[in-house]
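Protein sequence lines, in the order shown, are assigned to chains G and W. Take the first sequence: its position 50, counted from the start at 1, is 49 in numbering that gives the first Met the number 0, and no numbers get skipped. Take the second sequence: its position 186, counted from the start at 1, is 185 in numbering that gives the first Met the number 0, and no numbers get skipped.
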Amino acid sequence: MVTTVIDASRRRTPLRALLAECAEFSSLAKYLALRDFRLRYRHASLGALWVVLQPLLPMIVFTGVFGRVLRPSTSGVPYSLFALAGLVPWSFFSSSVSRSALVFVSSGNLLTKVYFPRVILPASSVLGNILDLGVGCLLAFGYSIWNGYLPTWRWLFLPAVAFQTMLVAFFVSLALATLNSLLRDVKHAMQFLMQLWMYASPVAYSSSLVPERYRWLVGCNPMTCVLDGFRWSLFGTRPDLALYGASTASVAVVAGAAFWLFHRFQESLAERV
Amino acid sequence: MNTAISARELTKTFTIGTHRGGFTALDRLSFDVQPGEVVGIVGRNGAGKSTLLKILARILAPTSGRVELRGRVGSLLEVGTGFHSDLTGRENIFLSAALLGMREAEIQKRFDAVVDFSGVEAFLDTPVKRYSTGMYMRLAFSVAAHLDPEILLVDEVLAVGDIEFQRKCVQRLDALGQHGQTVLFVSHNLQAVGRLCRRGLWVEGGRLVRDGPMAEVAAAYLKQGAVHPGWREWPEEAGAPGDETVRLHRVLVRGPDGQAAAGIDIGRPFEIEIEYRVKVGGLVLFPAVKLFNEWGTEIIWSTDAGTSQHGRPRAPGRYRSVIRFPPNLLAEGLMSVAVSIVSLRPRKIHVAESDAVTFQATEVVDGSTSRGEFPDYIASVVRPRLDWSVTFDKE
Numbered sequence: 000m001v002t003t004v005i006d007a008s009r010r011r012t013p014l015r016a017l018l019a020e021c022a023e024f025s026s027l028a029k030y031l032a033l034r035d036f037r038l039r040y041r042h043a044s045l046g047a048l049w050v051v052l053q054p055l056l057p058m059i060v061f062t063g064v065f066g067r068v069l070r071p072s073t074s075g076v077p078y079s080l081f082a083l084a085g086l087v088p089w090s091f092f093s094s095s096v097s098r099s100a101l102v103f104v105s106s107g108n109l110l111t112k113v114y115f116p117r118v119i120l121p122a123s124s125v126l127g128n129i130l131d132l133g134v135g136c137l138l139a140f141g142y143s144i145w146n147g148y149l150p151t152w153r154w155l156f157l158p159a160v161a162f163q164t165m166l167v168a169f170f171v172s173l174a175l176a177t178l179n180s181l182l183r184d185v186k187h188a189m190q191f192l193m194q195l196w197m198y199a200s201p202v203a204y205s206s207s208l209v210p211e212r213y214r215w216l217v218g219c220n221p222m223t224c225v226l227d228g229f230r231w232s233l234f235g236t237r238p239d240l241a242l243y244g245a246s247t248a249s250v251a252v253v254a255g256a257a258f259w260l261f262h263r264f265q266e267s268l269a270e271r272v
Numbered sequence: 000m001n002t003a004i005s006a007r008e009l010t011k012t013f014t015i016g017t018h019r020g021g022f023t024a025l026d027r028l029s030f031d032v033q034p035g036e037v038v039g040i041v042g043r044n045g046a047g048k049s050t051l052l053k054i055l056a057r058i059l060a061p062t063s064g065r066v067e068l069r070g071r072v073g074s075l076l077e078v079g080t081g082f083h084s085d086l087t088g089r090e091n092i093f094l095s096a097a098l099l100g101m102r103e104a105e106i107q108k109r110f111d112a113v114v115d116f117s118g119v120e121a122f123l124d125t126p127v128k129r130y131s132t133g134m135y136m137r138l139a140f141s142v143a144a145h146l147d148p149e150i151l152l153v154d155e156v157l158a159v160g161d162i163e164f165q166r167k168c169v170q171r172l173d174a175l176g177q178h179g180q181t182v183l184f185v186s187h188n189l190q191a192v193g194r195l196c197r198r199g200l201w202v203e204g205g206r207l208v209r210d211g212p213m214a215e216v217a218a219a220y221l222k223q224g225a226v227h228p229g230w231r232e233w234p235e236e237a238g239a240p241g242d243e244t245v246r247l248h249r250v251l252v253r254g255p256d257g258q259a260a261a262g263i264d265i266g267r268p269f270e271i272e273i274e275y276r277v278k279v280g281g282l283v284l285f286p287a288v289k290l291f292n293e294w295g296t297e298i299i300w301s302t303d304a305g306t307s308q309h310g311r312p313r314a315p316g317r318y319r320s321v322i323r324f325p326p327n328l329l330a331e332g333l334m335s336v337a338v339s340i341v342s343l344r345p346r347k348i349h350v351a352e353s354d355a356v357t358f359q360a361t362e363v364v365d366g367s368t369s370r371g372e373f374p375d376y377i378a379s380v381v382r383p384r385l386d387w388s389v390t391f392d393k394e
């Protein structure tokens, strides 16, 4: 028989119990993700076509603006392909985070009426975009082949990099969603934050082009390793290993900070939304 | 035998705004519930009943204290948890069931039973926003009814829906109790609580006032609520609701015969009289009366607009206001009268007495009320007799 103990003097739930609980509610995560996915495209007349258009439209803009005017070095890769390889993970990241950062507040009606591990909300919200990412990866494969980059063994790593993208999006969402339950300013700052973050990330340009003075900033960015990983997997451009390592470490820092913040405030979520 | 629920010294304090200290919703509450017991929790609005249920359901964390729950816990704090109007009936069944704690295999196993019970089979693939309220409720309740936990926490589910739906809910809850599940049930509907529960807990001000057989607890609760049925006076100024500016002195409900009454007939006029004393003059005071029904819904708000005193600074002295209610206004049920007196610029609440008096509104079905000859249950919160005209053309 399951025994639940609620004890105000013992706040910390052991990690193993937390994981077991999440496993028990895994079907909930699935149905929440399905709901998000269905609702997103149900009323759009172009429907699921938006999945393809989302990385494709900015690629056209980027190619026009950066590719023609600024002509950044891309180690020989056609600029449109280079941009697409950055935009696929980036548009997944930015649309997941913009939505998931609001999830505790927007799901307030659930938080105040029923119990489930709260971490499921941002997790399922990110998971609800998984098809977009999958289609984006296929698009990137197709466009690479069309540009003469034939499949190599490195392509096998792309799913792993895609998974890494989801993890980063989840950690950032968890932190921002918790913050948003404390300060609603997060909601208003979101759009600006994502725009700023995009220009600070090697999406439109290669991380190797960043001047020495700003390299630390790129190293602190958890999206750098994702973007470099994508390009390495698709057409073998070798990332700067120091930068890649720093960025990977920053993912761990963001994850730690996100879980600390969430754990600190999760119990009172229902009182604050 | 092991207890199903054991709560020890449960306390919950809410911080309000930036205030330190805050509001204590539960105050060192302790109780035990044995497996298979069906327990009703009664108490006034704000007594802490819902907070207690939310702590047991792990929605809120207690400020101090400890609870042990032995068995899978399911909670029904509303009908249609997680329902989304754009999703179809089928999609909502899966989502809502998962939210209530069912695993995928369980949902699939019970899916047909849920659909059968709800009777909306033909509309399973229609978005629920196209459902009638009745269909929506039936589907939502059907999901909840197939939840099969060892401990079930239910709050106010019966407060919604038509009489047929309420009957279904009661039957289902009754069946749960008979199958050995432990049920904790909070409701304003004393009749429903009384019918379902053998044991009652009466919570007031976050504390347990009484624990015993339901009939005894309900009787004590009703008796306490009826200390001043229809009539209440504060003879000592010190204990009266109010402040240095104004104090409430008396509130009473009067039937058509001019006598104070604990019950009124909704087909006949009645009056509410409030008496208060203004001690500091010069303020524009707005005395107001509110009527709440037994679900806590505010039905009426009224102030002395149109009188010679309205909107003007008041001189010190004793004031008596009589509010005349026309016949055919209220529905049946237990009504609670709240009295408030506020001044504006700066805004200040001088008197705020909820549950100042209570009275029972009953209906004599003689064809004179708005229902006419219609014999069934009417759910509307007001019952005005409207002017209908009918034209008829013979075919």
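Note that CB positions come from ideal geometry on N, CA and C, so glycine has one too. Everything numeric in this text was worked out from a predicted model, so none of it was measured.
{"query": "Just to make sure I have the definition right: I need the residues of chain W whose C-beta is within less than 7 Å of the C-beta of G/Glu-266. Which are they?", "result": "Ala-60"}
{"query": "Does the Cβ-Cβ distance between G/Pro-88 and G/Phe-234 come in under 7 Å?", "result": "no"}
{"query": "My parser needs the beta strand (DSSP E) runs of 3 or more residues fully inside the stretch 27 to 64 of chain W; what are they?", "result": "37 to 41"}
{"query": "Measure the C-alpha to C-alpha separation of W/Arg-7 and W/Leu-52 and round it to an integer number of angstroms.", "result": "14 Å"}
{"query": "Between G/Ala-269 and chain W, is there a C-beta pair that is closer than 7 Å?", "result": "yes"}
{"query": "If you draw a straight line from the alpha carbon of G/Met-165 to that of W/Glu-120, how long is it in whole angstroms?", "result": "38 Å"}
{"query": "Distance cutoff 7 Å, beta carbons only. Does W/Gly-79 sit that close to anything in chain G?", "result": "no"}
{"query": "Apply the 10 Å Cβ neighbour rule to W/Arg-344 and answer buried if 16 or more other Cβ atoms are within range, or exposed otherwise.", "result": "exposed"}
{"query": "Interface residues of chain G around W/His-83 at Cβ under 8 Å?", "result": "Arg-34 and Leu-38"}
{"query": "Whole angstroms are fine: how far does the CA of W/Ala-355 sit from the CA of W/Trp-230?", "result": "9 Å"}
{"query": "Going along chain G, which residues have a C-beta under 9 Å from W/Leu-76?", "result": "Thr-111, Lys-112 and Val-113"}
{"query": "Taking 7 Å as the cut-off, decide whether the C-beta atoms of G/Thr-3 and W/Leu-68 are in contact.", "result": "yes"}
{"query": "Looking only at its chain, what residues have a beta carbon closer than 7 Å to the beta carbon of W/Thr-296, apart from the 5 residues adjacent to it on each side?", "result": "Val-380"}
{"query": "Please go through the same chain and pick out, in chain order, the residues whose beta-carbon is closer than 8 Å to the beta-carbon of G/Ser-180, but skip the five residues on each side of it.", "result": "Phe-103, Val-104, Phe-264, Leu-268, Arg-271 and Val-272"}
{"query": "List the residues of chain G whose Cβ lies closer than 7 Å to the Cβ of W/Val-66, in chain order.", "result": "Ile-5"}
{"query": "Are W/Gly-280 and W/Pro-326 touching if we call contact CB-CB under 7 Å?", "result": "no"}
{"query": "Should W/Val-226 be labelled buried (16 or more other beta-carbon atoms within 10 Å of its own) or exposed?", "result": "For W/Val-226, the pLDDT reaches just 46, beneath the cut-off of 50, and the residue's location in the model is therefore unreliable, although a value from the coordinates is still provided. Answer is exposed; the Cβ neighbour count stays below 16."}
{"query": "In angstroms with no decimal places, state the Cα-to-Cα distance between G/Pro-13 and G/Ala-19.", "result": "10 Å"}
{"query": "Using CA coordinates, which residue listed in W/Thr-87, W/Ala-104, W/Ile-150 and W/Glu-331 is at the minimum distance from W/Thr-127?", "result": "Per the sequence presented here, residue 127 of chain W reads as Val, with Thr not at that position. Answer by Cα proximity: W/Thr-87."}
{"query": "Applying the criterion that 16 or more other CB atoms from any shown protein chain within 10 Å of the CB defines a buried residue, is W/Thr-306 buried or exposed?", "result": "exposed"}
{"query": "So does the stretch 118 to 128 of chain G actually touch the stretch 57 to 72 of chain W, counting three or more Cβ pairs closer than 8 Å?", "result": "no"}
{"query": "Per DSSP, W/Gly-241 forms a beta bridge with which residues?", "result": "W/Arg-246"}
{"query": "Exposed or buried, what is W/Tyr-376 when buried is set at 16 or more other beta-carbons lying within 10 Å of its beta-carbon?", "result": "exposed"}
{"query": "By the 10 Å Cβ neighbour count, where 16 or more other Cβ atoms means buried, how is W/Ile-322 classified, buried or exposed?", "result": "buried"}
{"query": "Specify the secondary structure class of W/Met-136 as computed by DSSP and reduced to three states.", "result": "helix"}
{"query": "By a C-beta neighbour count over all protein chains shown, 10 Å radius and 16 as the cutoff for buried, is W/Phe-22 buried or exposed?", "result": "exposed"}
{"query": "Taking the alpha helix (DSSP H) that G/Pro-158 falls in, what are its first and last residues?", "result": "157 to 181"}
{"query": "I'd like to know whether the C-beta of W/Ser-29 is nearer than 7 Å to at least one C-beta of chain G.", "result": "no"}
{"query": "Between which two residues does the alpha helix (DSSP H) harbouring G/Ser-246 extend?", "result": "240 to 264"}
{"query": "In whole angstroms, give me the CA-to-CA distance for G/Met-0 and W/Leu-146.", "result": "17 Å"}
{"query": "Under 9 Å, CB to CB, which of the residues in the stretch 167 to 189 of chain G have a partner in chain W?", "result": "none"}
{"query": "Can you tell me which of the three DSSP states W/Lys-393 falls into?", "result": "coil"}
{"query": "Name the DSSP beta bridge partners of G/Phe-234, please?", "result": "According to DSSP, G/Phe-234 bridges with nothing at all."}
{"query": "Counting C-beta neighbours from all protein chains within 10 Å, is the total for G/Arg-237 16 or more, i.e. buried, or is it exposed?", "result": "exposed"}
{"query": "Would you list the residues sitting across from W/Tyr-275 in a DSSP beta bridge?", "result": "W/Leu-247 and W/Tyr-318"}
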